[in-house]
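Chemist: Residue numbers (the numbering used here), protein chains in the order written: chain A, -7 to 141; chain B, 3 to 509. Submitted below is the structure of interest, expressed as structure tokens.
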Amino acid sequence: MKRIVIHEEFCIGCRLCEIHCLVQRSKSKKIIKAFRFEKDQIVPGVQVEQSGYVSFALQCRHCDEAPCIEACLSGAMYRDPETGAVLCDTDRCVGCWMCIMVCPVGAIQRGAEKRVASKCDLCMGEEVPACVANCPNEAIVFVDDNDDE
Amino acid sequence: MSQLRKWLVEPDFIVVRDPERCIQCQVCVRQCANDVHEYDSDEDVVLSDSSDCVGCHRCATLCPTNAVSIKRAELEFRPHGNWEAAVLRNLYRQAETGGVLLAGMGNDQPAPVYWDRLLLNASQVTNPSIDPLREPMELVTYLGRKPDMLEIEARGVSPRLTTTLAPQLELRVPVMFSAMSYGSISYHASIALARAAAAAGTFANSGEGGLHEGLREYGDHMIVQVASGRFGVDVDYLNVAAAVEIKIGQGAKPGIGGHLPGEKVDAGVSATRMIPEGTDALSPAPHHDIYSIEDLRQLVFAIKEATGYAKPVAVKIAAVHNISAIASGAVRAGADIVVIDGFRGGTGAAPMMIRNNVGLPIEFALAAVDSRLREEGIRNQASLVVAGGFRSSADVVKAIALGADAVYIATAALVAMGCHLCQKCYTGKCNWGIATQDPYLTKRLNPNIATRRLVNLLNAWAHEITEMMGGMGINAVESLRGNREHLRGVGLTDRELRILEIKAAGE
């Protein structure tokens, strides 16, 4: 499957990935409108972790053996058969936060509006996820598992 | 000691923020190493204090909504032909600090750019032009000593060359990356230059700061420098490279040495330069063992001995008043390549008065040296490489027509990597991650991106050079070299035309 790979050595901590993820998840898809009217209702699927000069963008790793799918008691967490991405069916999610508890990298957040899990969905339908497309330093790249990087 | 409570130097730039477009995302806050932008969480607004803005455009470039713009400060002084605003600001600054004014990059004064007064020829009717996309075009250039004559032994059908040729550097494109030391620029910038040189079939110059272990694998495409500070010089350093360059002078600051502040000497720079961490790296003004051409000859041959006569040795001099005699001396001292750096050459740090007032335009220095070496019959003994403010492939073509074998670029290469010429290299706060060792900032230059951009630049120039050569009906860069018939001058005095040895437009 195609995965997001992070290069911490080139992450400059600008957080443009978070900003563009938020826009991607907005209804308007327009950056100024999204930030002015929709910001509080959206949680970006990527968070920049920073300590000193070391920083990196962290989003769901879409694990091959995903603890969140195992732990989900309502069956909301599932693997998309086509892309291999781990997704959350928000209609089934009951907000028990077990997925958040078991996620080994802390990539799942609580949703802002509804009591459902919020996570990276690899920008379903887009050729390249928004965080990858907008990283100014190629610190986030989208590569196929099978390709030698 | 400060004399006044109020600092009299007004900001050079004003940050203009469009509140309708600003989304308080704080990218500008995170990107400015000069702390110009600040987020006020009480008011949920990003504020800017222009006092420390250097005009590097990092914030404006990364702003996702184009809400930030940088304008020249509008505070106007009463116009005065002699006491211009920049002059007044310098006086205020010196009255405050009592120090030498520092500057980065090359001479920023509006001195005439003579390349713009030289025009190239093109073929019409009688000598048809060549389409470089259809016909073979040769840009390969060999740098090094050429023999006075070739002896060929004719044996049967395959004649054999019996003259032993001196070592040569083979360039796929007649443009190399000029000396920029690791220390003055970051490791990422250094490695990008080395990789790009290797990929494009040309050479990068280590500068005087030694050669980092990580760069040694690109040694075949590196020229290493031996300067007055002798930083990082040992026999391995000399032998790992393709050629060795003795740096006598630099176009941005002829006659003076260098000073890398201790703050930039981190563990990596310390190991590479072979000096203690945190100490200032001082390059003396002269080489303390060179006070004559004979002394220079001793160093040239010491290096040739150390490298087994297998590598060309270059001598780099700044373009100064008696440049042709000095260049002739360098050739007679045994230099295989003479590098001349003009007064627009860049630097990481130089006293502003020297940067702006010392040296010669490279156009005149090149023409004078090429003519002099031809007159003396020693032009073949050394290749001529010129440097100092080359902006485009057209400048390169004109330089070759004026007599250069190849051109060194550095500022243009930095710009390709992202430099915006804010001229603050000496502060170590380069927001583009180039002229800094600060780990927060060096990450900003991804060497993979920088390498790609540098290779693109060289490929684009190579393409343009073949187009211009084709237009002149020339299919090999060898036929363009010193071919001043292909140049005409506009807006030049008789004296200038005579020194450049070119005709005026219309002649």
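For each residue, glycine too, the CB sits at the ideal point set by N, CA and C. Note that the coordinates shown come from a computational prediction; the quantities given were computed from them, not determined experimentally.
Mind checking the region 431 to 456 of chain B against chain A and listing, in chain order, the residues whose C-beta falls within less than 7 Å of any C-beta there?
Modeler: Result list: Pro441, Tyr442, Lys445, Arg446, Asn448, Asn450, Ile451.
Chemist: Considering just the uninterrupted stretch of the beta strand (DSSP E) at Ala245/B, what are its terminal residues?
Modeler: Element bounds for Ala245/B: 245 to 249.
Chemist: Please specify which runs of the beta strand (DSSP E), each continuous and at least 3 residues long, are wholly inside the region 181 to 260 of chain B, giving them in chain order.
Modeler: Within the region 181 to 260 of chain B, the complete beta strand (DSSP E) runs of at least 3 residues are 224 to 228, 245 to 249.
Chemist: Pro128/A touches chain B at which residues, Cβ-Cβ below 7 Å?
Modeler: Leu64, listed in chain order.
Chemist: Going by the beta-carbon positions, is the gap between Gln33/A and Cys112/A smaller than 7 Å?
Modeler: It is not a contact, given that the beta carbons lie outside the stated cut-off.
Chemist: Could you confirm whether any beta carbon from chain B is found closer than 7 Å to the beta carbon of Gly5/A?
Modeler: Chain B, which has a Cβ nearer than 7 Å to the Cβ of Gly5/A, makes this yes.
Chemist: Mind listing the chain B neighbours of Leu50/A? Cutoff is C-beta to C-beta under 7 Å, in chain order.
Modeler: Those do not exist, as Leu50/A stays about 17 Å from chain B at its closest Cβ, beyond 7 Å.
Chemist: Do you know whose CA, among Gly146/B, Ser43/B, Cys55/B, Glu503/B, lies nearest Leu368/B's CA?
Modeler: Among Gly146/B, Ser43/B, Cys55/B, Glu503/B, the Cα nearest to that of Leu368/B belongs to Glu503/B.
Chemist: Anything in chain A within Cβ reach of Arg136/B, meaning under 8 Å, just list it in chain order.
Modeler: In chain order: nothing, as chain A lies at least about 37 Å away.
Chemist: Closer than 7 Å, CB to CB, is Phe2/A near chain B or not?
Modeler: It does; some Cβ of chain B falls within 7 Å.
Chemist: Mapping DSSP to helix, strand and coil, what is Arg157/B?
Modeler: Coil.
Chemist: Comparing the C-beta of Cys34/B with each C-beta of chain A, is any distance below 7 Å?
Modeler: No, Cys34/B does not count as interfacial toward chain A.
Chemist: Give the residues of chain A in contact with Arg23/B, contact being defined as C-beta atoms less than 7 Å apart.
Modeler: By Cβ distance, chain A contributes Ile24.
Chemist: Quick check on DSSP: helix, strand or coil for Ser4/B?
Modeler: Per-residue confidence for Ser4/B stands at a pLDDT of 45, beneath the threshold of 50, marking its modelled position as unreliable; the derived number appears in the next sentence. Ser4/B: coil per DSSP, three-state reduction.
Chemist: For the region 61 to 82 of chain A, enumerate the residues whose C-beta is nearer than 8 Å to any C-beta of chain B, in chain order.
Modeler: Correct list: empty, as no residue qualifies.
Chemist: Confirm, please, whether the CB-CB distance from Val108/A to Cys85/A is below 7 Å.
Modeler: Cβ distance < 7 Å, so Cys85/A and Val108/A count as in contact.
Chemist: Would Ala58/A and Val78/A be called neighbours here (beta carbons separated by less than 7 Å)?
Modeler: Yes, Cβ-Cβ distance for Ala58/A and Val78/A is below 7 Å.
Chemist: Distance check for Gly310/B and Leu141/B, CA to CA, integer angstroms please.
Modeler: Near 29 Å, if we compare the C-alpha coordinates of Gly310/B and Leu141/B.
Chemist: Quick check on the DSSP output: the alpha helix (DSSP H) that includes Ile467/B runs from which residue to which?
Modeler: Segment 449 to 473, the alpha helix (DSSP H) holding Ile467/B.
Chemist: Short of 7 Å Cβ to Cβ, which residues in the region 59 to 92 of chain B face chain A?
Modeler: Per Cβ criterion, the list reads Leu64, Pro66, Thr67.
Chemist: Suppose the cutoff is 6 Å on Cβ atoms and the five residues either side in sequence are ignored; what does the same chain contact list for Cys424/B look like?
Modeler: So the qualifying residues of the chain are Val56, Gly57, Cys58.
Chemist: So, for Cys88/A: in the same chain, excluding its five sequence neighbours on each side, which residues have a beta-carbon less than 7 Å away from its beta-carbon?
Modeler: Around Cys88/A: Leu65.
Chemist: According to DSSP, simplified to helix, strand and coil, what is Pro353/B?
Modeler: Strand.
Chemist: Select from Asp238/B, Thr63/B, Ser330/B, Glu247/B the residue whose C-alpha is nearest the C-alpha of Ala206/B.
Modeler: When only C-alpha atoms are compared, the closest one is Glu247/B.
Chemist: Determine the chain B residues that contact Ile11/A at a beta-carbon separation under 9 Å, and present them in chain order.
Modeler: Result: Ile25, Cys27, Val29, Pro66.
Chemist: Can you give the Cα-Cα distance for Ala414/B and Gly158/B, rounded to whole angstroms?
Modeler: Computed Cα separation, rounded: 51 Å.
Chemist: If you follow the alpha helix (DSSP H) that Cys60/A is in, where does it begin and where does it stop?
Modeler: Per DSSP, Cys60/A belongs to the alpha helix (DSSP H) from 59 to 63.
Chemist: Would you say Phe27/A lies against chain B (beta-carbon separation less than 7 Å)?
Modeler: It does; some Cβ of chain B falls within 7 Å.
Chemist: Answer with buried or exposed for His223/B, where buried requires no fewer than 16 other C-beta atoms within 10 angstroms of its C-beta.
Modeler: Result: buried.
Chemist: What does Leu8/A reach in chain B if we use C-beta pairs closer than 9 Å?
Modeler: Residues of chain B passing the Cβ test: Cys27, Val29, Leu64, Pro66.
Chemist: Are any of the Cβ atoms in chain A nearer than 7 Å to that of Leu262/B?
Modeler: No, no contact with chain A.
Chemist: Could you compute how far the alpha carbon of Cys9/A sits from the alpha carbon of Val38/A?
Modeler: Rounded to whole angstroms, Cys9/A to Val38/A spans 7 Å at the Cα level.
Chemist: With DSSP run on the structure shown, which of helix, strand or coil describes Glu487/B?
Modeler: Helix at Glu487/B.
Chemist: In whole angstroms, what is the alpha-carbon distance linking Gln252/B and Phe303/B?
Modeler: Spanning the two alpha carbons is a distance of roughly 22 Å.
Chemist: Do you know offhand how far Val333/B's Cα is from Ala202/B's?
Modeler: One C-alpha to the other measures close to 29 Å.
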